[in-house]
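Engineer: In UniProt numbering, the protein residues as written are 1 to 274.
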Amino acid sequence: MELTAGRRILPPRMHQVSIAILALLVLAALFAPIVARYDPAQQSLQQLAPPGGGHWLGTDALGRDIFSRLLYALRTDLILIVPAAALPMLLGTAIGGIAGHFGGVLDTAVRWIADVFQGLPVYVFLIALVAVLGRGVTSLLTAFTALGWIVYARLIRTEVRRVKEANFVAAGYLLGHSWTGVLWRHVLPNANRQTAAYFVFDLGMALQGIAVLSFFNLGVPAGTPELGAMVAEAQIYLRSHAWLAAVPGATIVLLGLCIASLGDYVRARSGGES
């Protein structure tokens, strides 16, 4: 990709396609009440109907329209993955910024905690934590925050330790700014280049985590349309009605690939790659 002064840098064709698909998925979820042909909870006598004119993607074992449930499940997951990635980013940035700026005991503690958690099986620990906290949105967000802030803290801590030695930081103190003002106005804005890219990738990780937890009946409340839960409900029909699991499963894969492609583009831009 060429860097040309005065011209906007466009992503490669693959990124363009991925971003376009991601935008369509987001719009479909946003306007699910308008696009969906049926109530996602509405049951009927047309149980396990194949894809056709009346039901574009067929119906499940309770006669519920798969297309409508897919739209609302997509809506549920997209609503959840944003705070699931944003909360640990905010907490980790705050802790890592303070630790890197002052050093000392807090800096040592953050480094030690990061080293410990790096060796843990994330999904096993996530499932165990949600199992202890109980099913529900609050438990999901608490578990993701408890596990996810460490990576952001480690990233920001390293960058802050580098940036705080710059002349403009010393100039901020000479101008009478407090340590909080220097940290939030001068240090962090120059130390978060990797954070934006990791946040996008973290959206994909949150999507996988929520789908896995819902598959094991530890995610969203029962009855709520969710992609992982739809796969779990369909697993007993894999031989006879494979589309029941294939449709939400393919949606998870497609959404994850689009988010990964967007994260790759953001990383390239933030890193100055061409």
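Note that CB positions come from ideal geometry on N, CA and C, so glycine has one too. Note that this is a predicted model, so its numbers are computed, not measured.
Thinking C-beta only, is L120 closer than 7 Å to A143?
Structural biologist: no
Engineer: Rounded C-beta distance between T195 and L155? I'm assuming under 8 Å.
Structural biologist: 6 Å
Engineer: So, using beta-carbon positions, are V187 and V151 closer together than 7 Å?
Structural biologist: Result no, Cβ atoms of V187 and V151 do not sit closer than 7 Å.
Engineer: Among the candidates L218, H241, S214, I236, whose CA atom is the shortest distance from the CA of A229?
Structural biologist: S214
Engineer: With distances taken from CA atoms, which of L141, G54, L71 is nearest L203?
Structural biologist: L141
Engineer: Does the beta-carbon of E233 have 16 or more other beta-carbons within 10 angstroms, so that it is buried, or is it exposed?
Structural biologist: buried
Engineer: Excluding sequence positions up to five away, which residues of its chain have a Cβ less than 7 Å from the Cβ of V247?
Structural biologist: L57, I66, L70
Engineer: Taking 6 Å as the limit between beta carbons, can you name the residues of its chain near G249, skipping five residues before and five after?
Structural biologist: V231
Engineer: With distances taken from CA atoms, which of E226, M14, L262 is nearest F201?
Structural biologist: L262
Engineer: Which residue marks the beginning of the alpha helix (DSSP H) containing Y123, and which one marks its end?
Structural biologist: 122-133
Engineer: Determine the burial state of R13: buried for a count of at least 16 other Cβ atoms within 10 Å of its Cβ, exposed for fewer.
Structural biologist: exposed
Engineer: At a cut of 8 Å, does the stretch 250-259 reach the stretch 15-24 through at least three beta carbon pairs?
Structural biologist: yes
Engineer: Enumerate in chain order the residues of its own chain whose CB-to-CB distance from P88 is below 7 Å, with the five nearest sequence positions on each side excluded.
Structural biologist: F144, T145, G148, W149, Y152
Engineer: State the DSSP-derived secondary structure class of D202, mapped to helix, strand or coil.
Structural biologist: helix
Engineer: For F125, which residues from the same chain have a beta carbon less than 7 Å from its beta carbon, with the 5 sequence-adjacent residues on both sides left out?
Structural biologist: Excluding positions up to five away in sequence, the list reads L147.
Engineer: Measuring straight from C-alpha to C-alpha, what distance separates L30 and G100?
Structural biologist: Using only the alpha carbons, I get a separation of about 39 Å.
Engineer: Which of the three DSSP states, helix, strand or coil, is assigned to D77?
Structural biologist: helix
Engineer: Comparing C-alpha positions only, which one of S178, A191, T180 sits nearest to A166?
Structural biologist: A191
Engineer: For D60, tell me which candidate among S178, S240, L254 has the shortest Cα-Cα distance.
Structural biologist: S240
Engineer: Anyone know if the C-beta pair for R157 and V82 falls short of 7 Å?
Structural biologist: no
Engineer: Relative to the C-alpha of V137, which candidate in T180, L90, A84 has its C-alpha closest?
Structural biologist: Nearest of T180, L90, A84 to V137, Cα basis: A84.
Engineer: Between G96 and T108, what straight-line distance do the alpha-carbon atoms span, to the nearest angstrom?
Structural biologist: 11 Å
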